[in-house]
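Step one of this worksheet: look at the structure below.
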Amino acid sequence: MNTIDWKNLPFGYFKTDYNVRCYYKDGKWGEPEVTDSENITMHMAATCLHYGQEAFEGMKAFTGKDGKIRIFRLEENAKRMIKSAKGVMMAEVPVELFSEVVLKAVKLNLKYVPPYGEGASLYIRPLLIGTGAQVGVKAAKEYLFMVFVGPVGPYFKEGFNPVKMQIVRDYDRAAPLGTGHIKVGGNYAASLRAGERAHADGFASCIFLDAKEKKYIDEAGPANFFGIKNNTYITPDSSSILPSITNMSLRVLAAEMGLKVEKRQVPVEELEEFEEVGACGTAAVISPICMIHDRDTGKQYKYCKNGQPGTISQKLYNKLKGIQEGLEPDTHGWITIVE
Ligand code: PLP
Ligand code: COI
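Using the working numbering, you'd call the opening residue of the sequence shown number 1 and step up by one each time.
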């Protein structure tokens with residue numbers, strides 16, 4: 001293996017040595033299998049290809065200052081994949097099997113876990129797909145659950161430096177009673193046009209509004225949105241956003257830091273009032289937002305004095321990272337140590 005330039009890793013695919021797969025057939029899951037192949041062979045009528053029967057997860061493992069490798073919120077990701085599976089009628093991966101396969105995939109690729117202090121982490125990507133053949137719109141009878149991993153750097157090239165985002169009204173990522181609340185591929189397909197246009201226009205991401213009324217902030221591209229004002233952490237409540245596990249954790253940390261926490265609809269006009277705003281997620285971690293441009297009204301909302309992240313965002317970031325890297329105690333049982 002050539003030496004890896006940990007500090008300059010992008011957020012992207014990185015070939016490692018092994019991935020782990022498990023097949024569901026005849027109503028039950030088989031034993032996890034290890035492979036070094038990057039390819040999947042499947043039936044051309046597999047439901048994941050035609051009818052979007054697929055879901056994925058995203059989590060990270062970190063090397064701590066003490067040299068231990070910590071996975072953040074493994075169980076919560078397993079539970080969310082069960083919700084996604086239910087949502088598109090796939091076989092559910094039990095929490096124990098999910099954990100076993102994730103741990104196996106990490107342990108088989110230990111040399112790809114970035115060392116402490118390099119600003120990188122090991123991204124863990126579980127994937128569940130319908131592999132059984134159907135031509136009518138029906139759920140498959142066979143599934144593949146697999147996990148691959150790879151070292152990554154920050155999702156937004158800015159890292160913890162503030163990013164710019166663009167509000168869109170002419171595309172929706174998810175319908176109010178659709179699949180926005182689960183992690184299925186179709187939501188990401190639906191977000192591509194608005195996302196790519198935002199990039200082309202010079203923004204890190206787009207911000208979707210609620211699909212029904214276009215009055216409220218929904219999802220910040222591949223991350224949740226939060227705003228801070230009057231010592232309060234505020235994040236949208238909506239049936240079409242993914243319940244971010246990072247956001248869930250930040251709400252707990254914010255409350256422990258003495259902030260009030262509100263999960264409620266966030267009207268676009270409230271952007272005027274926030275002292276700090278940001279996007280949060282596994283890939284995005286906390287990405288402070290320095291400017292939001294409304295492409296319909298031309299209005300610009302500006303944050304981050306002197307281009308610096310706000311003090312509360314910085315404190316939340318430090319605390320979260322501290323727990324992930326073992327510098328802060330894991331008082332909530334969020335960490336799985338890879339033994
Ligand atoms: N929203 C969307 C659409 C996402 O893809 C993600 C990433 O997983 C998030 C939010 C953040 O969720 P989490 O913090 O669980 O990674
Ligand atoms: C994550 O934050 O884990 C994501 O899944 C975001 C994106 C890469 C889809």
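Heads up, the beta-carbon is just placed ideally off N, CA and C, and yes, glycines get one too.
Sub-7 Å separation of residue i and residue j beta-carbons
i, j, result
"ASP172", "ALA211", "yes"
"LYS341", "GLU262", "Nothing can be reported for residue 341, as the shown portion of the chain is limited to 1 through 339."
"ILE286", "SER313", "yes"
"PHE208", "MET165", "no"
"TRP29", "LEU97", "yes"
"ASN231", "ASN247", "no"
"VAL264", "ASP237", "Checking the displayed sequence, the identity of residue 264 turns out to be Arg instead of Val. It is a contact, given that the beta carbons lie within the stated cut-off."
"SER239", "PRO176", "yes"
"ALA78", "VAL106", "no"
"PRO267", "LYS215", "yes"
"GLY281", "SER244", "yes"
"THR336", "LEU110", "no"
"TYR116", "LYS65", "yes"
"MET44", "THR131", "no"
Contact belief for residue i with residue j at Cβ below 8 Å, rounded distance in angstroms
i, j, result
"GLU289", "VAL163", "A quick correction: the sequence has Ile, not Glu, at residue 289. Confirmed, about 6 Å."
"THR235", "GLN134", "At roughly 38 Å, the Cβ-Cβ gap does not stay under 8 Å, so THR235 and GLN134 are not in contact."
"LYS68", "GLY326", "6 Å"
"PHE62", "ARG125", "With 8 Å as the limit, PHE62 and ARG125 do not qualify as a contact, their Cβ atoms being about 16 Å apart."
"GLY186", "GLY322", "GLY186 to GLY322, Cβ: 36 Å. No contact."
"ARG251", "VAL168", "That pair is no contact at about 26 Å."
"ALA254", "TYR233", "4 Å"
"ASP17", "ASP36", "6 Å"
Buried or exposed by the 16-neighbour rule on C-beta atoms within 10 Å, applied to residue i
i, result
"GLY227", "buried"
"VAL137", "exposed"
"THR3", "exposed"
"MET90", "buried"
"GLU92", "buried"
"LEU316", "buried"
"ASP218", "buried"
Of the residues the options, the one placed nearest residue i, counting alpha carbons only
i, options, result
"PHE11", "LYS86, PRO151 and LEU271", "PRO151"
"ILE82", "ALA45, VAL184 and PHE62", "VAL184"
"MET59", "PRO329, GLN324 and GLU328", "GLN324"
"ASN8", "GLU38, TYR155, ASN187 and ARG193", "TYR155"
"LEU49", "ILE71, ASN77 and TYR143", "TYR143"
"VAL102", "VAL20, LYS111 and GLY281", "VAL20"
"TYR23", "HIS332, ILE129 and ALA174", "ILE129"
"ALA284", "ALA255, GLY119 and ALA254", "GLY119"
"GLY178", "VAL147, LEU242, LEU127 and ASP201", "LEU242"
"LEU127", "TYR112, PRO114 and PHE145", "PHE145"
"ALA340", "GLU33, GLU54, PHE72 and GLU213", "With the chain represented from 1 up to 339, any question about residue 340 goes unanswered, as that position is not in the structure."
"SER99", "ASP201, LYS15 and VAL147", "VAL147"
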